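Participant:
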Ligand code: SF4
Ligand code: SF4
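Protein chains in written order, with the numbering used here: chain A, 110 to 460; chain B, 3 to 113.
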């Protein structure tokens, strides 16, 4: 497992046009598999259009203390892209006026942005209903300055959503790095101790499950049952919901698929599992994603492929919901990841 | 994949068997689907049984399919290998228990 981002390794996949080229050529150009556009056109769902905006997802930077092998952000300690206070202020202006009820902070490890706490304090004053922080858990253990994050989250009633690829050490460490499992367990205990994830508690703690390899997640409900039992029996840990998310074939997961000679089979599985009824609920239909430098995207995946929204309004500084909502969503073959089986979004299954 | 009996891609063509006998094919897949639903045994337990049997009947298609199914269900490699050993133990036991027949026959025929 590499300890550096594609970007740092100057891997050719760090250039997004190379990723898009792989996704649109080969099996999709020679007619072996239908393109995503063809597939959704079959059920009259092309072009994909946004519905009412519900979620504003803000990526405050690509810096991370981990270098997970499936990371679609290509995040890592060597990534320096960080949202400035000025852009954060522009986001807060938008948060105050937008109709979105959910604010979703992501990264990298969002907590590593030096203005993270200030941003959470300011944004929480704006009164969003659901304020999510995607915390990778290990950050809580990484350094003394992060040890009080559970209390900080509690103070602002932040909804914590964290990744956990498996309830065993081996599988977790393989995907997310040596030692990640034990640190995640310690962090989960600390979150439980301040009240997060406890039955009936308002302090929401949800886990995200991404398969550690070239296969799709199974039924979310049965996975949640297995996770809950194992984490309770082995460590006395509790949490609220498990979101099962399909890995999208971009960035470091795409690198893994190609290197392990799984790319074509994986794309076959995604296309085979295509579920037309998941299309209308994919994340991009109710979300706008903002990058560290303020550009607007249909989703975090399109952000990583540098596919800016197809709208006159392209930057947070010129935000206009009505104009933005009147756009076609940009799609490519990676979108099969959101529509396979029960569908997949940052909130888990959608169908 | 020239000149081999098995091509992994053929697994995806499994449903095609119905084309030459629609009724029987449909009955089989209907039965197959029902067998693997949650029942008195969980779908997870059935997946492990299927994996063990796949090894005993030495079907590479089923080994591929139920290794993948196990991964999707979060079944660990230790659980999968234990299932394979359970299958192997029954298979070797079944061979060895016939040794009793051999011994009886040997004794009967010997002075
Ligand atoms: S998956 Fe999350 S924790 Fe892992 S490197 Fe990417 S941003 Fe960091
Ligand atoms: S990858 Fe993004 S644009 Fe494509 S379907 Fe998923 S959320 Fe929508």
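Backbone N, C-alpha and C define an ideal beta-carbon position, used for all residues, glycine too. Since the structure is predicted, the reported quantities are computational estimates derived from the model, not experimental observations.
Along the region 40 to 59 of chain B, what residues have a CB closer than 9 Å to any CB found in chain A?
Facilitator: Cβ contacts with chain A come from 40, 44, 45, 46.
Participant: If we define contact as Cβ-Cβ less than 9 Å, is residue 14(B) a contact residue for chain A?
Facilitator: Interface residue, yes.
Participant: Return helix, strand or coil for residue 359(A), following the three-state DSSP convention.
Facilitator: Note: residue 359(A) maps to coil in three-state DSSP.
Participant: Would you tell me roughly how many angstroms separate the C-alpha atoms of residue 426(A) and residue 403(A), rounded to the nearest one?
Facilitator: For residue 426(A) and residue 403(A), the distance between alpha carbons rounds to 7 Å.
Participant: Given a cut-off of 9 Å, decide if residue 323(A) and residue 255(A) are closer than it, judged by their beta-carbon atoms.
Facilitator: No, the pair does not count as a contact, with Cβ atoms beyond the cut-off.
Participant: For residue 22(B), count the other beta carbons within 10 Å of its own beta carbon; 16 or more makes it buried, fewer makes it exposed. Which is it?
Facilitator: Flag for residue 22(B) reads exposed.
Participant: Counting contacts by CB-CB distance shorter than 9 Å, is residue 372(A) in contact with chain B?
Facilitator: So no, residue 372(A) is outside the interface.
Participant: Taking a cut of 7 Å between CB atoms, which residues from the region 61 to 87 of chain B lie near chain A?
Facilitator: Listed by position, the residues of the region 61 to 87 of chain B near chain A (Cβ gap below 7 Å) are 70, 73, 74, 75, 76, 78.
Participant: Nearer than 8 Å: is that true of the beta carbon of residue 443(A) relative to any heavy atom of ligand 2?
Facilitator: Yes - ligand 2 has a heavy atom lying nearer than 8 Å to the Cβ of residue 443(A).
Participant: If you scan the region 171 to 259 of chain A from start to end, which runs of the beta strand (DSSP E) of 3 or more residues do you find wholly inside it?
Facilitator: Entirely contained in the region 171 to 259 of chain A, the beta strand (DSSP E) runs reaching 3 residues are, in chain order, 211 to 215, 239 to 243.
Participant: What are the residues in the region 274 to 300 of chain A lying within 8 Å of chain B by C-beta distance?
Facilitator: Those would be 275, 276, 277, 279, 280, in chain order.
Participant: Tell me which residues share the same chain as residue 297(A) and place their Cβ nearer than 6 Å to its Cβ, disregarding the 5 neighbours each side in the sequence.
Facilitator: Excluding residues within five positions, the ones whose Cβ falls inside 6 Å are 346.
Participant: Verify whether the separation of the beta carbon atoms of residue 133(B) and residue 16(B) is less than 9 Å.
Facilitator: Only positions 3 to 113 of chain B appear in the structure, and residue 133(B) is not among them; the question remains open.
Participant: Let me see if you follow: with CB-CB separation under 9 Å, is residue 398(A) close to chain B or not?
Facilitator: By this cut-off, residue 398(A) is not an interface position.
Participant: Going by other Cβ atoms of all chains shown within 10 Å of its Cβ, with 16 needed for buried, is residue 112(B) buried or exposed?
Facilitator: That one is exposed.
Participant: Should residue 97(B) go down as buried or exposed, given a rule of 16 or more other Cβ atoms within 10 Å for buried?
Facilitator: Exposed is the call here.
Participant: In three-state DSSP terms, what is residue 397(A)?
Facilitator: If DSSP states are grouped into helix, strand and coil, residue 397(A) belongs with the strands.
Participant: What's the gap between the Cα of residue 155(A) and the Cα of residue 417(A)?
Facilitator: So the two alpha carbons sit approximately 19 Å from each other.
Participant: Would you mind listing the beta strand (DSSP E) stretches within the region 118 to 178 of chain A that are 3+ residues and don't spill past its ends, in chain order?
Facilitator: The qualifying runs are 164 to 168.
Participant: I'd like to know if residue 326(A) contacts chain B, where contact means its C-beta is closer than 9 Å to some C-beta of that chain.
Facilitator: With 9 Å as the cut-off, residue 326(A) counts as an interface residue toward chain B.
Participant: How about residue 245(A): is its Cβ closer than 8 Å to a heavy atom in ligand 1?
Facilitator: Yes, Cβ of residue 245(A) sits closer than 8 Å to a heavy atom of ligand 1.
Participant: Can you give the beta carbon distance from residue 175(A) to residue 245(A), rounded, assuming they're within the 8 Å contact cut?
Facilitator: About 6 Å separates the two Cβ atoms, so the contact holds.
Participant: Just the residues with CB closer than 7 Å to a heavy atom of ligand 1, in chain order, which are they?
Facilitator: Qualifying residues, in the order they occur: 173(A), 175(A), 176(A), 177(A), 179(A), 180(A), 182(A), 184(A), 185(A), 216(A), 217(A), 218(A), 245(A), 272(A), 285(A).
Participant: If you draw a straight line from the alpha carbon of residue 213(A) to that of residue 167(A), how long is it in whole angstroms?
Facilitator: For residue 213(A) and residue 167(A), the distance between alpha carbons rounds to 6 Å.
Participant: Which residues in chain B sit within 7 Å of residue 332(A), going by Cβ to Cβ distance?
Facilitator: By Cβ distance, chain B contributes 76.
Participant: With a cut-off of 8 Å on the beta carbons, I'd call residue 363(A) and residue 128(A) a contact; round off their distance for me.
Facilitator: Yes, they are in contact, since the Cβ atoms of residue 363(A) and residue 128(A) sit about 6 Å apart, within 8 Å.
Participant: Taking its Cβ as the centre, do 16 or more other Cβ atoms sit within 10 Å of residue 304(A), making it buried, or is it exposed?
Facilitator: With fewer than 16 Cβ atoms within 10 Å of its Cβ, residue 304(A) is classed as exposed.
Participant: Within 10 Å of its beta-carbon, does residue 137(A) have 16 or more other beta-carbons around it, so buried, or fewer, so exposed?
Facilitator: Buried: at least 16 other Cβ atoms inside 10 Å.
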